[in-house]
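Below: one structure, written as structure tokens.
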Amino acid sequence: DTTLSEKRNIQVRVKTVTGDIIFPEAGGFSLKSEENVIFPFNLNMNGINLKYATAQLLMKGDDANNPYYVFFAPEGIQPQFSFGSDALVDVGIGATTDKKGNRLLVKCEEGVAEFTVSLNGRNRTRVLVLPKSLALQSYVVTLNGRKHLMFSDAIVLQDGNSFTLLSDGKNSYSLSVYQLY
Numbered sequence: 002d003t004t005l006s007e008k009r010n011i012q013v014r015v016k017t018v019t020g021d022i023i024f025p026e027a028g029g030f031s032l033k034s035e036e037n038v039i040f041p042f043n044l045n046m047n048g049i050n051l052k053y054a055t056a057q058l059l060m061k062g063d064d065a066n067n068p069y070y071v072f073f074a075p076e077g078i079q080p081q082f083s084f085g086s087d088a089l090v091d092v093g094i095g096a097t098t099d100k101k102g103n104r105l106l107v108k109c110e111e112g113v114a115e116f117t118v119s120l121n122g123r124n125r126t127r128v129l130v131l132p133k134s135l136a137l138q139s140y141v142v143t144l145n146g147r148k149h150l151m152f153s154d155a156i157v158l159q160d161g162n163s164f165t166l167l168s169d170g171k172n173s174y175s176l177s178v179y180q181l182y
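When we follow my numbering, the leftmost residue of the sequence shown carries the number 2, and every step to the right adds one.
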């Protein structure tokens, strides 16, 4: 029985045929004890190359007219998304951009962040970034024919247009809804 210890100042280098990808590009991240991560790199996001992210993919939308991706940030890791310099980003909430050389870096603040990335104004793709604690409380539901993420500390069950929320030992719980498209 082995306990994993906290790892600090981790930086990952991936060798690809087009060159090395280093992430995060500056500094490092810490990985808490018993935590693990799967970070995407060279991910095609609706025709836009995500060079790397320090957030994990939770889900990809299936609506071709309104593409979106939902990522979550492991505890203690600042979410960063590195795109090619030809990408354009419309910052929504909780995010900033830094363009340098052949890359555009999106840095997300702690909590919920949202931005839209496009390629020369085309292929607009929404990105939602959640903290892991909120991602663990997420449910994909359909309301009026449109997909939404529902967040609750109760269990959410959908039956047609109605929902049942189950909570063991608690008579109050939180509930919030985010429209995916």
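Just so it is clear, CB atoms sit at the ideal spot from N, CA and C, and this is done for glycine as well.
Own chain, CB closer than 6 Å to GLY85, minus 5 neighbours either side, in chain order: ASN50
At least 3 beta-carbon pairs within less than 8 Å: the stretch 71-82 vs the stretch 34-51: yes
Closest Cα partner of LYS100 within the set GLY93, GLU35 and LYS108: LYS108
Alpha carbon of MET151 to alpha carbon of GLU115, nearest angstrom: 16 Å
Local conformation of LYS133 per DSSP, three classes: helix
Paired residues, beta bridge with ASN50 - DSSP: ASN45
Environment of VAL128 [buried if 16+ CB atoms lie within 10 Å]: buried
Sequence-distant residues of its chain with Cβ nearer than 7 Å to ASP2 (five each side left out): Reliability fails at ASP2, whose pLDDT of 48 lies under 50, so the model's placement of it is uncertain and the value that follows must be treated cautiously. No residues qualify anywhere along the chain.
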